[in-house]
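Participant: Here it is, the structure in full.
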């Protein structure tokens, strides 16, 4: 048997020719597809549509190696998204996510994502349960209860048990005042 050996330059040339040949064949297939679509449509106005369809199929086949994204079920129309569209999208997403949850998680998700519960939570979060107020309440409760406990223990005074709640309330008020003053100065929440 005769074995033909290639030198490195010939090997490099053939290595780069294969992808180019595949690309050329792909473009020829797309051109043929475009011609076929335009022949089916029959007039010039549809040639543009056929060209767009061919380009879309080319871009989809060119990206076959990339992970495919889920195609939207509803075509996007120009303009702002309406409230109905947002709600439908939210419900669709929540239904998809809930299919991957356990029964107890699914039930809990339905309760906390109820519009009434969400509205109450947002209202409380923006007024009473502000993060700075809760954090300062916890800090005050810990620090002052510890101080009172140590002083009471050294001097022999009994604690009533309501000190922690009162110090939390005091710290919470301080946190709300701090948030109010910060909002007045900076103009942001």
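In the working numbering, the protein residues as written are 383 to 571.
For every residue, glycine included, the Cβ atom is placed at its ideal position computed from N, Cα and C.
Give me, in chain order, the residues of the same chain whose beta-carbon lies closer than 7 Å to that of residue 527; leave out the 5 immediate sequence neighbours on both sides.
Facilitator: 545, 546, 549
Participant: Determine the burial state of residue 523: buried for a count of at least 16 other Cβ atoms within 10 Å of its Cβ, exposed for fewer.
Facilitator: Flag for residue 523 reads buried.
Participant: Just verifying my parser: in three-state terms, what is the DSSP assignment at residue 544?
Facilitator: coil
Participant: If distances are taken between C-alpha atoms only, which option among 514, 552, 538 comes closest to residue 564?
Facilitator: 514
Participant: By Cβ distance, which residues of its chain are closer than 8 Å to residue 557, with the 5 residues on each side in sequence left out?
Facilitator: 512, 514, 515, 516, 517, 518, 519
Participant: Closer than 7 Å: is that where the CB of residue 553 sits relative to any heavy atom of the ligand NAP?
Facilitator: In the structure on display, the ligand NAP does not appear, and there are no ligands present to speak of.
Participant: Tell me the residue span of the alpha helix (DSSP H) that contains residue 476.
Facilitator: 465 to 480
Participant: Among 486, 485, 495, which residue has its Cα nearest to the Cα of residue 472?
Facilitator: Comparing Cα-Cα distances from residue 472 to each of 486, 485, 495, the minimum goes to 495.
Participant: When you compare the CB positions of residue 521 and residue 553, do they come within less than 8 Å of one another, or not?
Facilitator: It is a contact, given that the beta carbons lie within the stated cut-off.
Participant: Just verifying my parser: in three-state terms, what is the DSSP assignment at residue 510?
Facilitator: coil
Participant: By DSSP, does residue 487 sit in helix, in strand, or in coil?
Facilitator: helix
Participant: So, at 6 Å on beta carbons, what are the nonlocal neighbours of residue 570 in its own chain, with the 5 sequence-adjacent residues on each side left out?
Facilitator: none
Participant: Give me, in chain order, the residues of the same chain whose beta-carbon lies closer than 7 Å to that of residue 591; leave out the 5 immediate sequence neighbours on both sides.
Facilitator: With the chain running from 383 to 571 in the structure shown, residue 591 is simply not present.
Participant: Where does residue 529 fall in DSSP's three states?
Facilitator: helix
Participant: Can you look up residue 462 in the DSSP assignment and give me helix, strand or coil?
Facilitator: coil
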